[in-house]
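Residue numbers (the UniProt record's numbering), protein chains in the order written: chain V, 1 to 159; chain P, 1 to 398.
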């Protein structure tokens, strides 16, 4: 009888996710629990912090379930999984950022790598305005200071 | 920052280990609830090309200081070291130009596009330009006391920064310079020596070192008790804080090993027979070890790898350079996986870079596009192209 891990999401849209061992081991923070003294029959419930909503956790679980079920074409599938986030779609980008933060919290290194790489691909070649709108950063450089920062190298750099 | 939650009965602890943030001096950027933790921002930023990093300095003051923070530049360098690029440097029309491209990875990729980085006035001298840790050392021409002088310059194509260094004051003008990097102190140093003929032998004199990054750079004299003659037109290579270059001493070939941190010389002797029969073409970093490309009189090319530095034991491997024109190749390097890479030193169109696989003894070539179109435009032909593979993007400012 394999153990079952339950991810308990609270907040706006509470939901419980039951994970089989094959899926749960991909969560770095949960992996260790399989070596614990818990009775094989019991369900182990893990509380997820409220800032990670059930939709994001659901996407992560979906990612891990698919990963557990096949191994070939993984690179292609992973590209595809993140494809919606490559479009200029703000909601999808926010989802990608949320997945990145959640996977970091849950100790899933490979997913952190995939999400950060996807975001880096999106930011490549973009200008400061993109960062400012993505993370609501206020540009506080004067025109002079901005010119100085640019003169540090950008002006000499080709496009 | 650990977050522990213990729940009774069948509820569980999640222990989250944060390996990076406890040691970093960086703080939250922007005080903005929307912003992810700094560790993740760095994870994203370190995957960006240096050009994009340069633009992002304008986002805000805090971002500017984040991108200048040594923890970040170190992280960035570690990440960029895993994806080294090809850097093309050449001088023509009194200017130095820099292009870079990603390394061609798979067999299907025939053509690689090079991006233009920067250009500035310069002068090609018989010493070829040197590269270490993403920085390049070469020469510029400047007016100095009503005379045109050769001025050494350190530049970084990833940031566009260039620093003119003080002119070397030596008893004669025949100089040899090498660029070294000390990873322990994270310092770049230039080793320079004048060569002069004395008692019918040409040897190095007046050894000087310049350290970068610590206040105003100036040349200091250091001692070298072993007279040697650094060979013409040969570059140095820095591996793990030791700068190596080929030299002659009393008709024998020696390999100088200069410890960049302690500024001490040591020499690897090549036996007399080998010195006479072989010609050391260049030194390369072969899978982390010092290696030499050697041409012997029986017309074989060999790769000598210094497997045992303590006992100076080399292993020798046959290496077939397919073209007889190898004498004009000054840029030969090895990739992390042990492929030997070279590019011609004279401009050709189309311009190719060649990758040689030691095991299969096969060569593949890639065309580099973009240089002709963006810089040359059919008018000029550069004197020489110095191609550096394993160029790492370093966003650090000196």
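Using N, Cα and C, we set each Cβ at its ideal position, and we do this for glycine too.
In the DSSP assignment, what are the bridge partners of residue i?
i              : result
residue 193(P) : 176(P) and 207(P)
residue 152(P) : 139(P)
residue 220(P) : 209(P)
residue 132(P) : 135(P)
residue 107(V) : In DSSP, residue 107(V) forms no bridge with anything.
residue 282(P) : 293(P)
residue 87(P)  : 100(P) and 388(P)
residue 181(P) : 188(P)
residue 304(P) : 292(P) and 316(P)
Does residue i pass the burial test, meaning 16 or more other C-beta atoms within 10 Å, or should it be called exposed?
i              : result
residue 147(V) : exposed
residue 57(P)  : buried
residue 169(P) : exposed
residue 313(P) : exposed
residue 302(P) : buried
residue 145(V) : exposed
residue 296(P) : exposed
residue 167(P) : exposed
residue 152(P) : buried
residue 394(P) : buried
residue 193(P) : buried
residue 354(P) : buried
residue 164(P) : exposed
residue 144(P) : exposed
residue 271(P) : exposed
residue 90(V)  : exposed
residue 258(P) : buried
residue 13(V)  : exposed
residue 340(P) : buried
residue 218(P) : exposed
residue 200(P) : exposed
residue 16(V)  : exposed
residue 318(P) : exposed
residue 129(V) : exposed
residue 49(V)  : exposed
residue 203(P) : buried
residue 43(P)  : buried
residue 17(P)  : Unreliable positioning characterises residue 17(P) in this predicted model, as indicated by a pLDDT of 40, which lies under 50. The coordinate reading is nonetheless provided below. By the 10 Å Cβ count, residue 17(P) comes out exposed.
residue 361(P) : exposed
residue 408(P) : For residue 408(P) there is no data in the structure shown, the boundaries of chain P being 1 and 398.
residue 235(P) : buried
residue 70(P)  : exposed
residue 101(P) : buried
residue 132(P) : buried
residue 225(P) : exposed
residue 162(P) : buried
residue 308(P) : exposed
residue 73(P)  : buried
Relative to the C-alpha of residue i, which residue among the options is closest?
i              : options                           : result
residue 163(V) : 4(V), 97(V), 92(V) and 26(V)      : For residue 163(V) there is no data in the structure shown, the boundaries of chain V being 1 and 159.
residue 239(P) : 277(P), 288(P) and 252(P)         : 288(P)
residue 368(P) : 63(P), 67(P) and 104(P)           : 104(P)
residue 36(P)  : 68(V), 23(V), 52(V) and 30(V)     : 52(V)
residue 359(P) : 273(P), 184(P), 320(P) and 390(P) : 320(P)
residue 273(P) : 44(P), 286(P), 253(P) and 265(P)  : 253(P)
residue 91(P)  : 307(P), 129(P) and 305(P)         : 129(P)
residue 390(P) : 44(P), 136(P), 40(P) and 72(P)    : 136(P)
residue 50(P)  : 62(P), 66(P), 38(P) and 76(P)     : 76(P)
residue 98(P)  : 386(P), 398(P), 396(P) and 397(P) : 386(P)
residue 105(V) : 172(P), 40(P) and 241(P)          : 40(P)
residue 137(V) : 243(P), 63(P), 185(P) and 46(P)   : 63(P)
residue 127(V) : 95(V), 142(V), 150(V) and 114(V)  : 150(V)
residue 133(V) : 93(V), 113(V) and 115(V)          : 93(V)
residue 122(V) : 186(P), 45(P), 134(P) and 74(P)   : 45(P)
Which whole-angstrom value is the C-beta distance of residue i and residue j, which I expect to be below 8 angstroms?
i              : j              : result
residue 213(P) : residue 251(P) : No, residue 213(P) and residue 251(P) are not in contact; Cβ-Cβ is about 39 angstroms, not under 8 angstroms.
residue 99(V)  : residue 56(V)  : 6 angstroms
residue 103(V) : residue 111(V) : 4 angstroms
residue 6(V)   : residue 18(V)  : 5 angstroms
residue 65(V)  : residue 23(V)  : 5 angstroms
residue 119(P) : residue 95(P)  : 5 angstroms
residue 284(P) : residue 293(P) : 7 angstroms
residue 267(P) : residue 228(P) : 7 angstroms
residue 237(P) : residue 260(P) : Incorrect: roughly 12 angstroms between the Cβ atoms, too far for contact.
Any beta carbon from chain C within less than 8 angstroms of residue i's own beta carbon?
i            : result
residue 7(V) : Among the protein chains in the structure shown, which are V and P, there is no chain C.
**OP:** Could you list the residues in the segment 35–47 of chain P with a C-beta less than 7 angstroms from some C-beta on chain V, going in chain order?
**Re:** 35, 36, 40, 43, 44 and 47
Subject >> Residues of the segment 12–30 of chain V with Cβ closer than 7 angstroms to any Cβ of chain P, in chain order >> reply: 29
**OP:** Pull out every residue of the segment 85–109 of chain V whose Cβ sits closer than 7 angstroms to any Cβ of chain P, in chain order.
**Re:** 97, 100, 101, 104, 105 and 107
**OP:** Name, going along the chain, the residues of the segment 60–84 of chain P whose beta-carbon falls closer than 9 angstroms to a beta-carbon of chain V.
**Re:** 60, 61, 62, 63 and 64
Original post:
Which residues, in order along the segment 43–62 of chain V, keep a beta-carbon less than 7 angstroms from a beta-carbon of chain P?
Top reply: Within the segment 43–62 of chain V, contact with chain P at the beta-carbon level (separation under 7 angstroms) is assigned to 43, 44, 45, 46 and 47.
Original post:
What residues in the segment 49–60 of chain P bring their beta carbon closer than 8 angstroms to a beta carbon of chain V?
Top reply: Contact annotation: in the segment 49–60 of chain P, residues whose CB is within less than 8 angstroms of a CB in chain V are 49, 51, 52, 54, 55, 56, 57, 58, 59 and 60.
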